[in-house]
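One line per chain: the protein sequences are B and H, in this order.
Here my numbering = 1-based position in the first sequence + 1066.
Here my numbering = 1-based position in the second sequence + 237.
No residue lacks a Cβ here, since even glycine has one placed at the ideal position from N, Cα and C.
Just so it is clear, the structure is predicted and the values come from calculations on it, not from any experiment.
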Amino acid sequence: MGTFVFKIVLVGDFGVGKSTSIHRFVEDKFKANYVPTLGVQISKKSFEIDEHSIDLMIWDLAGQDRYLMIRQRFYDDTQGILLLYDITRKSSLDHINRWYKEVTKHTGPIPIILIGNKIDLEDKREVFENDVNEILQENNIEVKFRIETSAKEGFKTEEAFLFLVNYLIEQYKQKRNV
Amino acid sequence: MKKPYFLYIIDPGGICLFSYNFKKDIEMFQSELFSGFITAISIFSSELNEKLGFTEQHGRLPAIPLSLIFEIMISYMNPLVGVLVVEKKDIDQDMKDFLNAFLTSFLKKYEDHLKMWDGELTRFGSFKDEIEKIYKKMELYSFQIPKMKEISINEEVLNKNYIALIKEIDGKKSIKEISEKMGKTIDETKTMISNILWSELITLSEKIYEDDVFEPKRDLFYLLRTKELDPGQKLSNLSEQVLLEHKLLRAIDGFKTVFNISTEFPNLTLYETKHILSYYFSKGSYFEKVELYPQIIKISEDFLEKMTTEDLALSYSLENMCDGVSSLADLSIKTGFPLKDIKRILDLLGKQVFYKKKYVK
Chain B
1067 MGTFVFKIVL VGDFGVGKST SIHRFVEDKF KANYVPTLGV QISKKSFEID EHSIDLMIWD
1127 LAGQDRYLMI RQRFYDDTQG ILLLYDITRK SSLDHINRWY KEVTKHTGPI PIILIGNKID
1187 LEDKREVFEN DVNEILQENN IEVKFRIETS AKEGFKTEEA FLFLVNYLIE QYKQKRNV
Chain H
238 MKKPYFLYII DPGGICLFSY NFKKDIEMFQ SELFSGFITA ISIFSSELNE KLGFTEQHGR
298 LPAIPLSLIF EIMISYMNPL VGVLVVEKKD IDQDMKDFLN AFLTSFLKKY EDHLKMWDGE
358 LTRFGSFKDE IEKIYKKMEL YSFQIPKMKE ISINEEVLNK NYIALIKEID GKKSIKEISE
418 KMGKTIDETK TMISNILWSE LITLSEKIYE DDVFEPKRDL FYLLRTKELD PGQKLSNLSE
478 QVLLEHKLLR AIDGFKTVFN ISTEFPNLTL YETKHILSYY FSKGSYFEKV ELYPQIIKIS
538 EDFLEKMTTE DLALSYSLEN MCDGVSSLAD LSIKTGFPLK DIKRILDLLG KQVFYKKKYV
598 K
């Protein structure tokens, strides 16, 4: 039993559903209107897992290129990453290599969860499993977990966040035992 | 008071006699290299001024900007040089006083050692104990109100100055008012208060920063009176104190903040005004709050550029979240930042924030 404070960061192209996923996870609600995030938005969610008290600081980084310089200031002390793409927009998957490089340049090797969002729009799907495998292999991107979600319908969004949190707790326990 | 990063005390030969890290999580600049650098730059500056015919006073280097965010503050107190590494936004008179207080205290403590110093640095290590004391004192504000704890004090062990001070501490007078009563300077009183604070004999009222627009100069609520004050009661029957309180309550009109009301009562301090109004508010039904909800349309890029990373992150978060619907408390819960940080940023943003009035029961 312990208290953990984790800083996690969500990255990915604009419009892939970073803020919506956070809104779903933190408040279990869906925001229908798209309002681009300016710079960064920090949200906090406190909860318990297996008698551990968790304070999760969630940093939602703006996806637009114009925030590139500013984003770099926000990666310090990040412990985990949720890297998102939109399954209905292939270009957002193509760009995950760019995001991976940007993130790891500042954070070093930390756990990354890859999320393909918007599976409620299955009929518009442009990204298939092979595409994801290919891009991960080609660019040597290591992710701890891959999942497809729908922030709109609340499908597996929480699972993605909780996987990362559990991974961080386990990582902490292992380090302590060493 | 804002916290500096690092402190260095350097001798005229460029040797660092003492260094202290206020931010334990950040590694300090290497003392010898840093003090050598400061000394060299100071010498260049003095030489140039000397060549141009300026006096020694003009030749002294007052500060070195390190970046858009950090600055090295330098103060001279013969024969020592004091250096503080601080964030630019934190440089104010308090910080300057802080650096000078260090130098004064260091000189006083080691005056004899310095005269015949043999190069032994370890003796200055004990100065660390002084630092927290000085810092505690600098954190005191003249408008704070000390209050005695409910413990018995053996007056025989206190000197007469402290006995006189304790007699003035009634939980009503501010440090400034106590100074005036005792015929001492505010600084002298602060030193004594700081010492007895150290001994845990007193508590201090919460700080109400005079330059804080929210507490109480521009509280995030206006007051709206909702109850007549005993219309049948004859004012002549009321005690002086109750009469004053009634006058204060009558001043509530739905347009004024606590600060606005306080300005109409020069005989009351801001703290007293707030205290009385809080008392009546807690009794209920005398008046209601009209709270203000911040709304940010756009923060200027120029403004954001100058901010530290933490402030920048919070500013952007507030820009994203301040929609005129979320209260300060909501913003604090959602971002995980304490209320005081949110107020501070809103204060910094000044006119870039609009406030919507909302009636709250």
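Per DSSP, E308 (chain H) is not a residue of any alpha helix (DSSP H); the beta strand (DSSP E) it occupies stretches across 307-314. In the structure shown, T440 (chain H) falls within a strand segment according to DSSP collapsed to helix, strand and coil.
Counting only runs of 4 or more residues that sit fully inside the region 318-352 of chain H, the alpha helix (DSSP H) segments are 330-352, in chain order. In this model, M310 (chain H) and P299 (chain H) are separated by some 6 Å (Cα to Cα).
Sequence-distant partners of E392 (chain H) (beyond 5 residues in either direction) whose C-beta falls short of 7 Å from its own C-beta, in its chain, are I400. In this structure, the beta-carbon distance from K1084 (chain B) to L1150 (chain B) falls below 8 Å. Interface flag for G561 (chain H) against chain B is unset, since no Cβ pair is found closer than 8 Å.
DSSP assignment within the region 560-587 of chain H yields the following whole alpha helix (DSSP H) runs of 4 residues or more, N-terminal first: 565-572, 576-586. Under the 10 Å beta carbon count, M353 (chain H) is surrounded by fewer than 16 other beta carbons and is classified as exposed. Contact of Y530 (chain H) with chain B is not assigned, every C-beta pair being separated by 8 Å or more. Residues of chain B whose Cβ lies closer than 9 Å to the Cβ of Y245 (chain H) do not exist, since the nearest Cβ in that chain is about 25 Å away.
Going by C-alpha positions, L402 (chain H) is about 15 Å away from S379 (chain H). Proximity of chain B to S554 (chain H) at the Cβ level (cut-off 7 Å) is accounted for by V1106, Q1107, I1108, in chain order. DSSP, reduced to helix, strand and coil, places T428 (chain H) within a helical segment of the structure shown. Within chain H, not a single residue places a beta-carbon under 8 Å from that of R1090 (chain B); the smallest gap is close to 14 Å. H:L551 is the residue among H:M375, H:S416, H:K261, H:L551 whose C-alpha sits nearest the C-alpha of K577 (chain H). In this structure, B:G1182 is the residue among B:F1229, B:G1182, B:I1088, B:V1169 with its C-alpha nearest to the C-alpha of D1197 (chain B). DSSP, reduced to helix, strand and coil, places K593 (chain H) within a strand of the structure shown. Within its own chain, the residues whose Cβ lies closer than 8 Å to the Cβ of F591 (chain H), once the five positions on either side in sequence are excluded, are P531, Q532, I533, I534, G561, listed in chain order.
Going by beta carbons, Y1141 (chain B) and V1101 (chain B) fall outside the 8 Å limit. The region 1098-1113 of chain B makes no contact with the region 1188-1206 of chain B, as fewer than three CB pairs between them are under 8 Å. If you check the CB distance, L568 (chain H) and I579 (chain H) come in under 8 Å. The DSSP assignment places complete alpha helix (DSSP H) segments of no fewer than 4 residues inside the region 1080-1129 of chain B at 1084-1093, in order along the chain. Shown here, M385 (chain H) sits in a strand according to DSSP, grouped into three states. With three or more CB-CB distances shorter than 8 Å, the region 360-376 of chain H counts as touching the region 326-344 of chain H. The criterion of a C-beta distance shorter than 8 Å is satisfied by T1069 (chain B) and S1119 (chain B). Runs of the alpha helix (DSSP H) spanning 4 or more residues and lying entirely within the region 245-290 of chain H occur at 268-288, in chain order. For N391 (chain H), no beta strand (DSSP E) encloses it, and the DSSP letter there is neither H nor E. For the pair L340 (chain H) and L317 (chain H), the CB atoms are nearer than the 8 Å cut-off. Fewer than three Cβ pairs drawn from the region 243-252 of chain H and the region 1222-1233 of chain B lie within less than 8 Å of each other, which leaves the two stretches out of contact. One Cα belongs to F1211 (chain B), the other to I513 (chain H), and the distance between them is close to 59 Å.
Residue pairing by DSSP places R1137 (chain B) in no beta bridge whatsoever. Judged by beta-carbon spacing, I412 (chain H) lies within the 8 Å limit of L377 (chain H), meaning their Cβ atoms are closer than that value. Sequence-distant partners of A277 (chain H) (beyond 5 residues in either direction) whose C-beta falls short of 8 Å from its own C-beta, in its chain, are G251.
Rounded to the nearest whole angstrom, the CA to CA distance from F343 (chain H) to F243 (chain H) is 16 Å. The DSSP-derived three-state label of F524 (chain H) is strand.
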